[in-house]
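To keep things clear, I will list the structure first and then write my remarks on it.
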Amino acid sequence: MNGTLQDWLTSQIGSLHQQNLYKPLLVLESASDARITVNGKSNVINLASNNYLGLANHPKLKQAAIEAVERYGAGAGAVRTIIGNMSLHAELEKRIAEFKHVEASLVFQSGFTANAGVIPTITDGDDAIITDELNHASIIDGVRLSKAARKIYKHNDLNALEEALKETQNAKKRLIITDGVFSMDGDIAPLPGIIALAEQYNAAVMVDDAHGSGVLGGGRGTAYHFGVHQKIDIQLGTLSKAVGVMGGYIAGSSRLIDWLTQRARPFLFSTAHPPAVVAAVIAALDLMEHDPSFTERLWENTRYWKENLQRLGYDTGISETPITPVMVGDEGQALALQRALLEEGVLALAIVFPTVARGKARIRTMPSAMHSRKDLDDALEAFEKVGKRLGIL
Ligand SMILES: *Cc1c(COP(=O)(O)O)cnc(C)c1O
C-alpha cells in the first residue's frame, strides 16, 4: 500500500473528527418500515427514511421482484445498448411516460446518474446553465460535467433568476435547473413563475423531482401539482424514494429521450437494472395509479404531524411537504436532540453545517403513509419529553 496515500487519508479523517463532521453509518437490521431495528435497538419509530408511501417493504413489490428473478434471473447481463435491454425495461419506460403524461421516458440506474447523464449530454460549451443555489448534489455534479457556463441564483428568487437570464443572453441555449421540492426545508419551487421567465427569455426548464415524485400532484410530481407538466422540458424523477426501490428517470419529449439513448454516458456505459428492481418498480406504479390511499395517507399523516409539532411549540420552518424540519438553530443542541430521541425510540436525524447554514441546525423528520396514528403519537410524546428536558421547548 502507498504510504503517502494512507497518511493523507489518516489526516483527512482526523480533520473531520476534529470538526465534528465525521458521521458513522447507522446499521438498519430490519426492513425499511414504520418501526425498525437500528444499531441493535428494536421497535424504533422511523422518521428518517424517504420511503414516503411505505412501498419499500410492500408485499406486492416483493412478490413482483421474486417472480421476475424466477423468470429473468438475477442480473441483466449487459448495458442497455448491448443486450441488457429486457422487455421489462421497455415496459417500465412506457408506464412512466403514461403516468407522467409525457411522450417518453428513460430509466437510469439512479436519480444521481440521471442528473450526471442528462445535464452534460444536452449542453455544450456555448450554452449556459442557470441553477438554484440549493439544488441537490447530483445536479451540481451534473453541471460540473458540462462544458456550459454556469450561473447560480438565490434560492427560489425569481428576481435573481431573471437577472441571471439577462446576464446570459449571449449563450446559444440556456437551461434552468431547479429541484421541485427542496430536501432540507421541504419547500416547493415556484414553477409557474420560473416557466414564465423561461418563456420570456427563451430558456429550457429542467425540474429534479426526486422528493416530488409520489408525493405531489397525486404522485405525478411538482409539475403536475401546478398543472404545468406540458411546459417543462425535462422532468427527473427517482424510483428510490416514494417509489420504494431504486433508479432514476428522465421524462420529456421523444426527441430528448432519443438523444439520451444515444449519448448519455451512464446509460451507455453502466449495466441495466436487474429484473427484480424493474418488476418491483412496475408493481409500485400499479399501486400508485390505482390506489390513491397511499398519497392520501401520506398527506393526512403530514398534516397531523406538523400540526402537533407546532402545538408542542416546535418551529417547523417553511415546509409545504412531508419533509418536516424541526428547527433547533444550535448545532450541538440538534445533535443532542437526535441522541435523546433515539434513546426514547425515535429515529430522526440532525442536519447541521455544512449541509445547512451555520445556526440553522435542525432535526429532519419525514412522516409517511406507513405510520399509524399510534406511531406518530408515540413519536410526539418523545419529542415533547426530550424537547422539555433539553430546554428546546
Ligand atoms: C435523492 C435525490 C437524488 C438522487 O436520487 P437517487 O435515486 O437516490 O440516486 C437526486 N436529486 C434529488 C433532488 C434528490 O433528493
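Take the position in the sequence shown, starting the count at 1, then add 8; the result is the number in the numbering used here. Quick reminder that beta carbons are idealized off the backbone N, C-alpha and C, glycines included.
May I have all residues whose beta carbon comes closer than 5 angstroms to any heavy atom of ligand 1, sorted in chain order? The set, ordered by position in the chain, is 118, 119, 120, 144, 146, 187, 191, 216, 218, 246, 248 and 256.
Separation of residue 207 from residue 239, as counted between CA atoms: About 9 angstroms.
So for residue 30, helix, strand or coil by DSSP? Residue 30: coil per DSSP, three-state reduction.
What does the Cβ neighbour count give for residue 119, buried or exposed, with the cut at 16 atoms within 10 Å? With at least 16 other beta carbons inside 10 angstroms of its own, residue 119 counts as buried.
Out of 106, 379 and 287, point me to the one whose CA is closest to residue 307's CA. The option with the nearest alpha carbon to residue 307 is 379.
Is the region 309-323 close to the region 374-393, with three or more CB pairs under 8 angstroms? A contact exists between the region 309-323 and the region 374-393.
Which ranges would you report for the alpha helix (DSSP H) in the region 106-176 if only whole runs of at least 4 residues count? The qualifying runs are 119-129, 145-152 and 166-175.
Would you mind reading off the limits of the alpha helix (DSSP H) that contains residue 323? From DSSP, residue 323 is part of no alpha helix (DSSP H); its letter is neither H nor E.
I need the DSSP call for residue 50, collapsed to helix, strand or coil. Residue state, collapsed to three classes: strand.
What is the C-beta distance between residue 203 and residue 189, in whole angstroms, given that I count them as a contact (C-beta under 8 angstroms)? The distance from the Cβ of residue 203 to that of residue 189 is about 17 angstroms, inconsistent with a contact at the 8 angstroms cut-off.
May I ask you to verify whether the region 349-369 touches the region 50-66, counting CB pairs closer than 8 angstroms and requiring at least 3? Yes, the region 349-369 is in contact with the region 50-66.
Mind checking who residue 333 pairs with in its DSSP beta bridge? Note: residue 333 sits in a beta bridge opposite 372.
Three-state secondary structure assigned by DSSP to residue 384: Residue state, collapsed to three classes: helix.
I need the straight-line Cα distance from residue 250 to residue 321, nearest angstrom please. About 29 angstroms.
For residue 35, does the count of other Cβ atoms within 10 angstroms reach 16, so buried, or fall short, so exposed? Under this definition residue 35 is an exposed residue.
Closest by C-alpha distance to residue 373, when choosing among 361, 366 and 342: Taking only the C-alpha atoms, the option nearest residue 373 is 342.
Could you tell me the distance, in whole angstroms, from the CA atom of residue 326 to the CA atom of residue 142? Cα to Cα, residue 326 sits roughly 14 angstroms from residue 142.
From residue 328 to residue 226, what does the alpha carbon distance come to, in whole angstroms? Distance from the CA atom of residue 328 to the CA atom of residue 226, rounded to whole angstroms, is 15 angstroms.
Beta-carbon proximity check, residue 113 vs residue 99, cutoff 8 angstroms: Residue 99 sits away from residue 113, with the two beta carbons spaced by 8 angstroms or more.
Quick check: residue 259 and residue 243, are their CB atoms within less than 8 angstroms of each other? A contact, by the Cβ cut-off of 8 angstroms.
Is it a yes or a no for the region 174-192 touching the region 148-166, going by three-plus beta-carbon pairs under 8 angstroms? Contact annotation: the region 174-192 touches the region 148-166, with at least three C-beta pairs closer than 8 angstroms.
How should residue 370 be labelled, buried or exposed, when 16 other C-beta atoms within 10 angstroms of its C-beta is the threshold for buried? With 16 or more other Cβ atoms within 10 Å, it is buried.
Give the straight-line distance between the Cα atoms of residue 267 and residue 179, rounded to the nearest whole angstrom. Looking at the two C-alpha atoms, the distance is approximately 21 angstroms.
What does DSSP give as the partner residue(s) for residue 257 in the beta ladder? In the DSSP output, where bridge partners are listed per residue, residue 257 has 115 and 245.
Is residue 89 helix, strand or coil when you go by DSSP? Secondary structure at residue 89: helix, using DSSP grouped into helix, strand and coil.
Using the C-alpha atoms, what's the distance from residue 64 back to residue 285? If you take the alpha carbons of residue 285 and residue 64, they lie about 11 angstroms apart.
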